[in-house]
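Peer 1:
Numbering (the working numbering), first residue to last: 3 to 136.
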C-alpha cells in the first residue's frame, strides 16, 4: 500500500489551514500530485496560495511549492498513475472520472485533471508571507 501523505494549504476563503489525504507519485525522481476530481477544493486552495503548502507523512512536515504542469507535459506523468496509485485510480473509475484503469485512460485526463509538480521549499519565516501555512 502506498504511503499516505497529507497536503495542508491555507483555505482561499477562510485563510485557515485545510488538510487533505493525498497520493504522491514519483516519476524520474520528481514528485507529483493529481487533482483527481476536476474542481477539487484543495487544488483551488493551492492556486489561491500561489502553490505554497505543506506535505506531511506522520510527524514529518515538508514545506513545498506546487506548480501546475502544462497538459502536454502531464501526459507522461499521468501514464504512471494507475500503477503507482491503484486505490486512487479505482476511486476515480468508480466516480466516473475515467472509464478504465489504464495508462491511456489516465493520459486522456491531461487538460481535465491538473498535475502539480512538488518542489521542496524553505520553511517560511514566522509572520512573513500571507500564503504560508504555519
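Think of the CB as a built atom: it goes at the ideal place given N, C-alpha and C, for glycine as much as any other residue.
#1: Quick check on the burial criterion: 16 or more other C-beta atoms within 10 angstroms. Buried or exposed for residue 80?
#2: With a threshold of 16 other CB atoms inside 10 Å of the CB of residue 23, please say whether the residue is buried or exposed.
#3: With a threshold of 8 Å between beta-carbons, can residue 63 be considered close to chain B, or not?
#4: Should residue 90 be labelled buried (16 or more other beta-carbon atoms within 10 Å of its own) or exposed?
#5: Taking all protein chains shown into account, do 16 or more other C-beta atoms lie within 10 angstroms of the C-beta of residue 85, making it buried, or fewer, making it exposed?
#6: Excluding five sequence neighbours on each side, which residues of the same chain lie with their C-beta closer than 7 Å to the C-beta of residue 124?
#7: In whole angstroms, give me the CA-to-CA distance for residue 73 and residue 112.
#8: Return the first residue and the last residue of the beta strand (DSSP E) that residue 55 is part of.
#9: May I ask which residues mark the beginning and end of the alpha helix (DSSP H) holding residue 80?
#10: Which of the three DSSP states is assigned to residue 26 in this structure?
#11: Quick one, which of 56, 21, 44 and 31 has its alpha-carbon nearest residue 126's?
#12: Just to confirm, is the Cβ distance from residue 77 to residue 109 under 8 Å?
#13: Mapping the DSSP letters down to three states, classify residue 19 as helix, strand or coil.
Peer 2: With the given structure in hand:
#1: Along the chain shown, one-based indexing puts residue 80 at 78. With 16 or more Cβ atoms within 10 Å of its Cβ, residue 80 is classed as buried.
#2: Taking the chain shown and counting its residues from 1, one reaches residue 23 at position 21. The Cβ neighbour count for residue 23, taken over all protein chains shown within 10 Å, is under 16; the residue is labelled exposed.
#3: The structure shown contains no chain B, having only a single protein chain.
#4: Here residue 90 is taken as the residue at index 88 of the chain shown, counted from 1. Counting Cβ neighbours within 10 Å, residue 90 comes out buried, since at least 16 surround it.
#5: For the purposes of this step, residue 85 is identified with residue 83 of the chain shown, where counting begins at 1. With fewer than 16 other Cβ atoms within 10 Å, it is exposed.
#6: As a working mapping, residue 124 is identified with position 122 in the chain shown. Take residue 124, set aside five residues on each side of it, and the residues of its chain with a beta-carbon closer than 7 Å to its own are 65, in chain order.
#7: Numbered from its first residue, the chain shown carries residue 73 at position 71. Numbered from its first residue, the chain shown carries residue 112 at position 110. So the alpha carbons of these two residues sit roughly 5 Å apart.
#8: Sequence index remark: in the chain shown, residue 55 carries index 53 (1-based). 54–59 is the extent of the beta strand (DSSP E) around residue 55.
#9: Numbered from 1 along the chain shown, position 78 holds the residue referred to as residue 80. For residue 80, the enclosing alpha helix (DSSP H) covers residues 73–80.
#10: Locating residue 26 in the chain shown gives position 24, where the first residue counts as 1. Residue 26 carries a coil assignment under DSSP once its states are collapsed to helix, strand and coil.
#11: Walking along the chain shown from the start, residue 126 turns up at place 124. With distances taken between Cα atoms, residue 126 lies closest to 56.
#12: What you label residue 77 is simply residue 75 of the chain shown in a count that begins at 1. What you label residue 109 is simply residue 107 of the chain shown in a count that begins at 1. Contact flag set, yes.
#13: The count along the chain shown starts at 1 and reaches residue 19 at position 17. Residue 19 sits in a strand when the DSSP states are folded into three classes.
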